[in-house]
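Visitor:
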């Protein structure tokens, strides 16, 4: 059994059932955080939680769909019930790809709800308490595609451009508040996100994909300062 480094406050990780989210959940629990792991799949998040607990970590799970207002509200309500939230990891994401006119509008709107609206709302509801305590952190997971328009990933790239601009602007606004905002733009990472894009072979391309744990470590050091 691994020994946790020290007792720390609550961390919330969205998209925690796999990939970088699961790696964040494990790493934060190992460092001593109590983690609220949020994901759509109750079964998958339960497996992550079982692994964390087996190694001595403290974790609670919440299975909700962040594409829905009710799902986001459930996370906000749980955060209030838990008390002081030390770190919010906005990791949940939904990717779409293909010709814009051939995409499902419903699926693309769903990605906007998850990638933009949920991230904004959770940040807006949780940050005020951090500012009041003069302590806390927000870690936003954007993407390398945030830096320019990407044809055939038009909507996804636009949502990640929002995450980057939002995070950088908020970081400046909160620079003297004691709350740190870090936005990370990973390249291709071996997670389930890219398996959902519909691009043949993308998820398995070893030449451009980084293991999710390795990417998570880089993001963690960036947020730790």
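Numbering (this note's numbering), first residue to last: 530 to 754. Note that beta-carbon positions come from the ideal geometry of N, C-alpha and C, so glycine has one too.
Among 545, 587, 611 and 642, which one has its Cα closest to the Cα of residue 692?
Guide: Here the closest residue by C-alpha is 642.
Visitor: Give me whichever residues DSSP pairs with residue 590 in a beta bridge.
Guide: Per DSSP, 566.
Visitor: Does the segment 613-633 come close enough to the segment 657-677 that 3 or more CB-CB pairs lie under 8 Å?
Guide: Touching, yes.
Visitor: Report yes or no: do the segment 581-592 and the segment 626-641 share at least 3 C-beta pairs separated by less than 8 Å?
Guide: Touching, no, given that fewer than three Cβ pairs across the two stretches are closer than 8 Å.
Visitor: Could you tell me which whole beta strand (DSSP E) segments of length 3 or greater appear in the segment 649-673?
Guide: Those beta strand (DSSP E) runs which fall completely within the segment 649-673 and span 3+ residues are 665-670.
Visitor: Whole-angstrom Cβ separation of residue 567 and residue 593, contact assumed at under 8 Å?
Guide: Going by Cβ atoms, the distance from residue 567 to residue 593 rounds to 6 Å, so yes, they are a contact pair.
Visitor: Taking the C-alpha atoms as reference points, what is the distance between residue 694 and residue 577?
Guide: Each residue's Cα considered, the two are about 31 Å apart.
Visitor: For residue 684, name the three-state secondary structure that DSSP assigns.
Guide: Helix.
Visitor: Distance check for residue 699 and residue 656, CA to CA, integer angstroms please.
Guide: Roughly 10 Å separates the two Cα atoms.
Visitor: Leaving out five residues before and five after residue 596 in sequence, what residues of the same chain have Cβ atoms less than 6 Å from its Cβ?
Guide: Result list for residue 596: 639, 642 and 643, in chain order.
Visitor: With DSSP as the reference, label residue 679 as helix, strand or coil.
Guide: Of the three classes helix, strand and coil, the one that applies to residue 679 here is coil, per DSSP.
Visitor: Under the three-state reduction of DSSP, which class applies to residue 554: helix, strand or coil?
Guide: The answer is helix: DSSP assigns residue 554 an H, G or I state.
Visitor: Going straight from the alpha carbon of residue 747 to that of residue 554, what length do you get?
Guide: Here the model assigns residue 747 a pLDDT of 47, short of 50, so the residue's position is not dependable, and the following value carries that caveat. Their backbone Cα atoms lie some 15 Å apart in a straight line.
Visitor: In angstroms, rounded to a whole number, what distance separates the CA positions of residue 689 and residue 615?
Guide: Going by the C-alpha atoms only, they are around 24 Å apart.
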